[in-house]
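A.B. asks: Sequential numbering of the first sequence, starting at 14, is according to my numbering. Below is a structure I'd like to ask you about.
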Amino acid sequence: MSSSRASSEIATRTNSRTVEKYPLSRVGPFEFRIERDARKGMRAPVTIYSNDALIAKMQTDRTIGQAVNVTHLPGVQKHVIVLPDGHEGYGFPIGGVAATDFETGVISPGGVGYDINCGVRLIRTHLTEKEVRPKLKELIHEIFRSVPSGLGNTGALNLSSGQLDLVLSEGVKWAVDSGYGVQKDLEFCEENGTMKHSDPSKVSNEAKKRGAVSLGTLGSGNHFLEIETVNNIFDDEAAKVFGISERNQVCVLMHTGSRGLGHQVCSDYLRIVEAAAHIFNISLPDRELACAPAGSREAENYRLAMGSALNYAWTNRQIITHNVRRAFERVFGSSFSDLEMDLVYDVAHNICKVEEHSVDFDNPAKKKKVFVHRKGATRAFPKGNPAVTLQYRNVGQPVLIPGSMGTASWVLLGQEASMDRSFGSTAHGAGRNMSRGAAIRTYPYESVRQDLQSRGIILEAASKKGVAEEAPGAYKDVDAVADVSHNVGIATKVVRLTPIGVVKG
DNA sequence: ATGTTC
14 MSSSRASSEI ATRTNSRTVE KYPLSRVGPF EFRIERDARK GMRAPVTIYS NDALIAKMQT
74 DRTIGQAVNV THLPGVQKHV IVLPDGHEGY GFPIGGVAAT DFETGVISPG GVGYDINCGV
134 RLIRTHLTEK EVRPKLKELI HEIFRSVPSG LGNTGALNLS SGQLDLVLSE GVKWAVDSGY
194 GVQKDLEFCE ENGTMKHSDP SKVSNEAKKR GAVSLGTLGS GNHFLEIETV NNIFDDEAAK
254 VFGISERNQV CVLMHTGSRG LGHQVCSDYL RIVEAAAHIF NISLPDRELA CAPAGSREAE
314 NYRLAMGSAL NYAWTNRQII THNVRRAFER VFGSSFSDLE MDLVYDVAHN ICKVEEHSVD
374 FDNPAKKKKV FVHRKGATRA FPKGNPAVTL QYRNVGQPVL IPGSMGTASW VLLGQEASMD
434 RSFGSTAHGA GRNMSRGAAI RTYPYESVRQ DLQSRGIILE AASKKGVAEE APGAYKDVDA
494 VADVSHNVGI ATKVVRLTPI GVVKG
């Protein structure tokens with residue numbers, strides 16, 4: 014295989030307004046690298062998995078510059094990774110992975126982001142598109158009514174502080190014990206829906222206040238709930254294990270996170286970590302990378318509060334699942350178990366976890382404990398991994414990649430290559446290619462609605478502005494993102510889904 | 001992403 018090392022200088026803006034140039038090499042058909050330059054403070058190289066079109070887009074903003082900045086973190090391991098959907102974020106790029114040493118590294122709230130455990134859940138049904146079409150409008154309306162959506166929404170549940178603390182420590186287990194689901198739902202969530210390393214007492218009262226009234230709500234921005242049909246199956250065996258057996262089978266896909274609670278946890282701990290920065294004496298090129306050393310009180314408290322926000326987000330998706338199942342029951346007149354509305358999987362996209370990984374390019378067998386920061390990245394563990402639920406252990410972990418509103422979404426399959434090449438991770442979505450403001454100017458609400466309608470997609474939305482901001486044209490091509498993951502071999506194609514109904518915040 | 005500017 015020819016892996017030309019043709020080097021090109023790319024310009025990337027940094028926070029300091031100077032234009033930095035990074036020597037970018039192509040090291041494979043879908044792999045690029047910026048070698049470590051210790052004189053500039055880099056402690057590791059950057060690896061970018063991308064095709065030519067997607068990396069060209071990354072070069073027009075701060076994505077790659079931010080990834081280079083992340084290589085300055087103390088204890089950063091092996092390489093900082095940018096996935097094909099990479100774009101600018103707070104300090105760290107979104108669509109990125111960074112692993113830091115468990116003992117000598119740092120933990121950074123910006124490496125997880127504001128929407129802690131923003132993630133995706135896929136539910137299957139035994140219904141086909143033909144059966145759902147006649148009732149689609151009613152179904153979408155029924156879901157829209159029973160799952161509050163939009164900015165600042167409340168009203169699904171109103172928790173006492175005791176109940177909220179149980180949500181924050183037990184996650185989905187609390188929901189199932191409280192009647193919002195069935196026992197086997199737990200088996201199809203990452204971490205079984207409960208991050209044990211959590212402590213509600215490390216979550217501020219302000220965050221709890223926001224969380225108590227928002228559980229079971231969808232939110233806004235790129236969060237959505239869609240009725241999908243199976244458009245194509247690429248891996249019959251894996252699809253079958255995931256409960257997907259035929260084209261036009263109907264599924265439900267939801268994309269939401271920890272709402273105002275997670276946002277507040279991130280804000281609180283960014284402030285705490287920044288205020289303590291002088292104590293840690295860590296020099297970084299961007300204050301948004303604010304971090305605390307492993308084992309410090311600040312890092313430990315953040316991890317425990319983040320764990321609570323993870324539990325909140327998983328529970329949020331469980332409560333929404335309960336209400337979606339109820340909506341289906343009302344519309345189709347049979348129980349959700351008769352409709353076979355089983356959870357396919359629930360996976361986090363914004364998370365920091367302790368995992369064991371190979372950290373040496375030359376010695377893949379040697380592993381050590383690291384803090385894996387996945388920010389806009391999906392875990393993609395292969396078959397045989399003990400973290401993969403028993404039901405899927407012989408095939409591998411389902412990877413859920415939502416597209417933008419009205420476009421395809423993907424189910425991929427975690428592969429062994431991800432462990433060596435991307436700390437067991439792959440891409441998480443389409444990624445914006447246009448600012449919200451530009452999207453509003455380019456795609457008025459009415460044109461987006463009509464475009465969806467002409468393609469047979471029913472839409473109900475809390476906000477017209479939100480629909481314009483999330484217009485399909487404002488996003489990158491999710492099929493290209495899935496292609497890169499597949500071709501690199503870190504997670505391979507199983508099922509392509511296309512929407513027939515959309516509920517938007 | 002977000003009680004969309006503490």
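All C-beta atoms in this analysis are idealised placements derived from N, C-alpha and C, irrespective of residue type, glycine included.
1. Within the region 62 to 105, note down every full beta strand (DSSP E) run reaching 3 residues or more, in order along the chain.
2. From Ile77 to Val95, what distance separates their C-alpha atoms?
3. Work out the CA separation of Ser438 and Arg387 for me, nearest whole Å.
4. To the nearest angstrom, report how far apart Gly479 and Tyr458 are at their CA atoms.
5. Could you check what DSSP says for Ser15 in three-state terms: helix, strand or coil?
6. To the nearest angstrom, report how far apart Ser448 and Gly346 are at their CA atoms.
7. Mapping DSSP to helix, strand and coil, what is Lys517?
8. If you draw a straight line from the C-alpha of Gly124 to the C-alpha of His276, how long is it?
9. Give me the DSSP bridge partner(s) of Ala504.
10. Hey, out of Val180, Arg300, Asp212 and Ala57, whose CA is closest to Asp228's CA?
11. I need the straight-line Cα distance from Tyr103 to Asp433, nearest angstrom please.
12. Cα-Cα, which of Asn314, Gly194 and Ser182 is closest to Met354?
13. Starting from Asp114, trace the beta strand (DSSP E) in both directions and tell me its first and last residue.
14. Which value, in whole angstroms, describes the spacing of the CA atoms of Val357 and Lys197?
15. Quick one: Cα of Asn314 to Cα of Ser211, how far?
16. Have a look at Ser191 and Gln176 and give me their C-alpha separation to the nearest angstrom.
17. Taking the DSSP output, what are the residues bridged to Asp178?
18. Please classify Arg445: does DSSP put it in a helix, a strand, or coil?
19. Tell me whether Ile156 is buried or exposed, calling it buried when 16 or more other Cβ atoms sit within 10 Å of its Cβ.
20. Distance check for Ser159 and Ala440, CA to CA, integer angstroms please.
21. Name the residue from Thr60, Ile107 and Met71 whose alpha carbon lies nearest to the alpha carbon of Gly442.
22. Give me the DSSP bridge partner(s) of Gly409.
23. Pull up the DSSP beta-bridge partners for Asp433, would you.
24. How close, in whole Å, do the beta carbons of Val515 and Met418 come, if the pair is a contact with beta carbons under 8 Å?
25. Rounded to whole angstroms, what's the CA-CA distance from Ser121 to Phe201? Just pull it up for me.
26. Which word fits Thr73, buried or exposed, when buried means at least 16 other C-beta atoms lie within 10 angstroms of its C-beta?
27. Per DSSP, what are the beta-bridge partners of Cys264 in this structure?
28. Considering only C-alpha positions, which residue in the set Thr138, Leu67 and Ala251 is nearest to Asp351?
29. Figure out for me which residue from Leu425, Leu67 and Arg39 has the closest Cα to the Cα of Asp248.
30. Below 8 Å on the Cβ atoms is my contact criterion, and I expect Ala421 with Thr511 to pass it. Report the Cβ-Cβ distance as a whole number of Å.
31. Check whether the region 80 to 93 touches the region 362 to 375, counting contact only when three or more Cβ pairs, one atom from each stretch, lie closer than 8 Å.
32. So what does DSSP say about His370, is it helix, strand or coil?
33. Suppose the cutoff is 6 Å on Cβ atoms and the five residues either side in sequence are ignored; what does the same chain contact list for Leu164 look like?
34. For Ala51, count neighbouring Cβ atoms within 10 angstroms of its own Cβ and tell me buried if that reaches 16, exposed if not.
35. For Ser217, which of helix, strand or coil comes out of DSSP?
36. From Val59 to Asp98, what does the alpha carbon distance come to, in whole angstroms?
C.D. replies: So, from the data block:
1. List check, beta strand (DSSP E) in window: 93 to 100.
2. 8 Å
3. 8 Å
4. 8 Å
5. Confidence is the limiting factor: at Ser15 the pLDDT is only 38, short of 50, which leaves the residue's position unreliable and the question unanswerable from this model.
6. 43 Å
7. Lys517 sits in a strand when the DSSP states are folded into three classes.
8. For Gly124 and His276, the distance between alpha carbons rounds to 13 Å.
9. Per DSSP, Gly427.
10. Inspection of the sequence shows that residue 228 is occupied by Leu rather than by Asp. If we check each option's Cα against that of Leu228, Val180 comes out closest.
11. 27 Å
12. Gly194
13. Residues Ile107 to Asp114.
14. 11 Å
15. About 9 Å.
16. 10 Å
17. The partner list for Asp178 (beta bridge, DSSP) is empty, contrary to what the question assumes.
18. strand
19. buried
20. 31 Å
21. Ile107
22. Pro395
23. DSSP output for Asp433 lists no bridge partner at all.
24. 6 Å
25. 28 Å
26. exposed
27. Arg137 and Glu241
28. Thr138
29. Leu425
30. 5 Å
31. yes
32. strand
33. Ser233
34. Exposed: under 16 other Cβ atoms inside 10 Å.
35. coil
36. 15 Å
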